[in-house]
Amino acid sequence: MKFIVDNNVGKLARWLRMMGYDTLFFAGSDDSQMVATALAENRVILTRDTQIMKRGVVTSGRLKAVLIQSDEPERQMRQVVATLNLDGQSGLFTICLECNQSLEGRNKQQVQGLVPPYVFQTQSQYKQCPACHRIYWKGTHWQAMTRQLEKFVTGSAGGNIELSNGQQEAR
1 MKFIVDNNVG KLARWLRMMG YDTLFFAGSD DSQMVATALA ENRVILTRDT
51 QIMKRGVVTS GRLKAVLIQS DEPERQMRQV VATLNLDGQS GLFTICLECN
101 QSLEGRNKQQ VQGLVPPYVF QTQSQYKQCP ACHRIYWKGT HWQAMTRQLE
151 KFVTGSAGGN IELSNGQQEA R
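With this note's numbering, letter number 91 in the sequence shown gets 91, and the count goes up by one each step, no holes.
See the structure below:
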């Protein structure tokens, strides 16, 4: 499943990328362009914009969109996970959090001089983004993010969720 998020729910992009989902962040203001991108690339729209939910392409079911209820990122993620039945385990930390590219494995020698000395001494596995060259490893931040993702998957969204067909579903 691939996503596109607008600037109203931009923090979802990083969390979904952590889970391994290809997630575009659409910073523009032209909803038509975002809808066209979602259609062309078969992406689910995640938004707080009620006008997008009223578009014919969404109400007809040709394009899946989820109206995000909360303005709190944690509740937003719980809603997305619950609504779309995301498992949160299939692709953990396989996508760059910054630029949405697939990460590539790197050995210790390939990152020497590119990571802090302590990290180089204590870690043996690394991943790097081929586009922005950001390097990732399983340090304390990774552990904290993993715990947070587990909360999203085991938690509930709370409240009502509006589906792309306009119906409400209680959670």
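Just so you know, even glycine gets a beta-carbon here, dropped at the ideal spot from N, CA and C.
- Starting from the C-beta of Met77, find all residues in its chain whose C-beta is less than 7 Å away, skip the five residues before and the five after it, and write them out in chain order. Leu12, Trp15, Phe152
- Leaving out five residues on either side along the sequence, give the residues of the same chain with a beta carbon under 7 Å from the beta carbon of Asn8. Thr47, Arg48, Asp49
- Given a threshold of 16 other Cβ atoms within 10 Å of its Cβ, counted over all protein chains shown, does Arg43 qualify as buried or as exposed? buried
- Message: Which same chain residues end up closer than 6 Å to Met66 when comparing Cβ atoms and leaving out the 5 residues on each side of it in sequence?
- Response: The displayed chain sequence assigns Val, not Met, to residue 66. So the list reads Leu46, Thr83, once near-sequence residues are dropped.
- In the structure shown, what three-state DSSP assignment does Arg106 receive? strand
- Measure from the alpha carbon of Ala131 to the alpha carbon of each residue in Arg75, Asp87, Phe26, Cys96, then state which is nearest. Cys96
- Item | Exposed unless 16 or more other CB atoms sit within 10 angstroms - verdict on Gln172 | It is not possible to answer for residue 172, since the shown part of the chain is limited to 1 through 171.
- Item | Host alpha helix (DSSP H) of Arg17 (start-end) | 11 to 18
- Excluding the five sequence neighbours on either side, which residues of its own chain have a C-beta within less than 6 Å of the C-beta of Val111, listed in chain order? Tyr126, Ile135
- Item | Chain-order list of residues whose beta-carbon lies under 8 Å from that of Gln101 (same chain, five-residue window excluded) | Ile95, Cys129, Pro130, Ala131, Cys132
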